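For the protein sequence lines, the chains are A and B, in the order given. Numbers given in this note's numbering equal positions in the first sequence, counted from 1, plus 386. Numbers given in this note's numbering equal positions in the second sequence, counted from 1, plus 751. Glycine included, every Cβ here is placed at the ideal spot set by N, Cα and C. No experiment lies behind these values; they were computed from the predicted model shown. Presented below is the structure to which this report refers.
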Amino acid sequence: MIFPWIWRVLPGPALLRVLMLLVLAAGVVMALFTWVFPWVSVTFDIQDQSVEAMP
Amino acid sequence: MTAPADTESPRHHARGGRLSDRLLALVGELLIIAGAVLGLYVVWQLFYTDVTSDREQEALVESLEWAYQGPVEAAADAPAGDVDEVPEADVPLVIADEDKGAPADAPVPDEVGFTETFATMYVPRWGSDYVKPVSEGVTRRDVLDTLGIGHYPGTAMPGGLGNFAISAHRTTYGKPFNRIAELQEGDAIVIQTAENWYVYRAGEHLIVTPSQVEVIAPVPGAPGAEPDDHYITLTSCHPMYSAAERYIVHGVLEYWAPVGDAVPAEILEEVPQP
C-alpha cells in the first residue's frame, strides 16, 4: 500500500528511485532526530533528573 | 454444479486483491513504520543526544575565556627549544596554601539570568579532562538537555552560605553526571567562576524520590533550618536510564581562591580511571 505507492510515484529508473528513497529516508530520520524526538521526550517527561520543586 | 461466482473484479487484481487484504497490508506497513520509528527513538535517545549535547557543551566551555581547559594552553607559553626536557610548562602552577581562603570569607557571585552559564565544573574522579559548564535553571529543554549542568534557581551560588545545588543528566544528553555513583567521600568537586575557584569535598550519597526536595534545602535534609555551612549538592536520576528516583551527593566547601595563574592542585590530580 504505502511502500508500493511511493515506488510508483517516484519517477525514473529503478536505481534512481533507490537513491531517491535513501535521500527521503535520511530526511525523515533527520526530521525525527531534530524536532520530533526532542519534543516527545520533553512533552511526555520520559526522563528527568531534578528534584521537583524549588525550596 | 455451478461455477463459483467471480467476486474479484480485474481492477482489484491490479491493485493487489480484495479490500480486506489491502487493509491488512496497510496495517502491516504501518506497524513496520511504527517499529522503525520506535527503534530510531532508542538510537536517538541513547546515542545521538550524547553526540549533539557533547558538542554543544564543549563549544560552550571553549567560549568561556576565563575557564581553565587543561594544561595544553599553559604549554603554549613555554619557551621554544627545550623540547628534550620534561615540559615543566605543561603543568600549571598550583595554588599555594597561603592563597587559599577560608569558606567563611568566600566571595559569592550574584545569581545570573536563566540559561546563563556562570561556572565550570571539574571532578578528578571522573577524569582529569572532565570539564562541564554550569548554567542557571534546571528545565530540560533549555538547560539540562543542551547546556549540561543546571543550577537550581534560588539555591546558593558557588561559595555561598547554604546549598549550591546543581542537576544534570546521568545518561544521555552528554551525561555530565554519568559517574556520580563513583564519587568517594573526600573527592574534590571543583567549581570555577570568572573570578574564583571553589573546591568542595564530596560527602554523603543518598537515593531519594523526586519529591524529596529537602536535599537541596540550605541545610541539606533540614528545610527551614538556618544555613550553617557552604554545601554543594549534585542531583541526577536513578537508577540509570530511569526517572524513578534521584541520586544525590552532598559536599562541603573546603577552600576558595581567586582565579589567577595558579589552579587548584586537586584538578591536576590523576585519579586512576576504571
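ask   = In whole angstroms, what is the alpha-carbon distance linking Ser804 of chain B and Arg930 of chain B?
value = 17 Å
message = So with CB distances below 8 Å, who are the chain A contacts of Val788 of chain B?
response = Leu418
query = Which class does Met872 of chain B belong to by DSSP, given the choice of helix, strand or coil?
reply = strand
inquiry  = Any heavy atom of the ligand MN closer than 6 Å to the beta-carbon of Ile388 of chain A?
reply    = Because no ligand of any kind appears in the structure shown, any question about the ligand MN cannot be addressed here.
request  = Note down the Cα distance separating Gly901 of chain B from Ser886 of chain B, rounded to an integer number of angstroms.
outcome  = 5 Å
key: Burial state of Val823 of chain B, where buried means 16 or more other Cβ atoms lie within 10 Å   = Residue confidence is low: Val823 of chain B scores 48 on pLDDT, short of 50, so the model does not pin down where it sits. No coordinate-derived value is stated.
message = For Val823 of chain B, would you say it is in contact with chain A, using Cβ-to-Cβ distances shorter than 7 Å as the test?
response = For Val823 of chain B, the predicted model reports a pLDDT of 48, less than 50, meaning its position is unreliable; a value from the coordinates is still stated below. Cβ-Cβ to chain A under 7 Å: no for Val823 of chain B.
ask   = Any idea what DSSP makes of Pro854 of chain B, helix, strand or coil?
value = helix
ask   = Should Leu912 of chain B and His1001 of chain B be called a contact, given that it needs their Cβ atoms to be closer than 7 Å?
value = no
Sequence ranges, beta strand (DSSP E) only - wholly within the region 943-978 of chain B, length at least 3 = 947-959
ask   = Mapping DSSP to helix, strand and coil, what is Ala1008 of chain B?
value = strand
ask   = Are Ala916 of chain B and Thr923 of chain B close, meaning C-beta to C-beta below 7 Å?
value = no
query = If you check the beta carbons only, do Val845 of chain B and Ala1013 of chain B fall under 7 Å apart?
reply = yes
query = For the region 785-792 of chain B against the region 393-410 of chain A, are there 3 or more C-beta pairs whose distance is under 8 Å?
reply = no
inquiry  = When you compare the CB of Tyr881 of chain B with every CB in chain A, is at least one pair closer than 7 Å?
reply    = no
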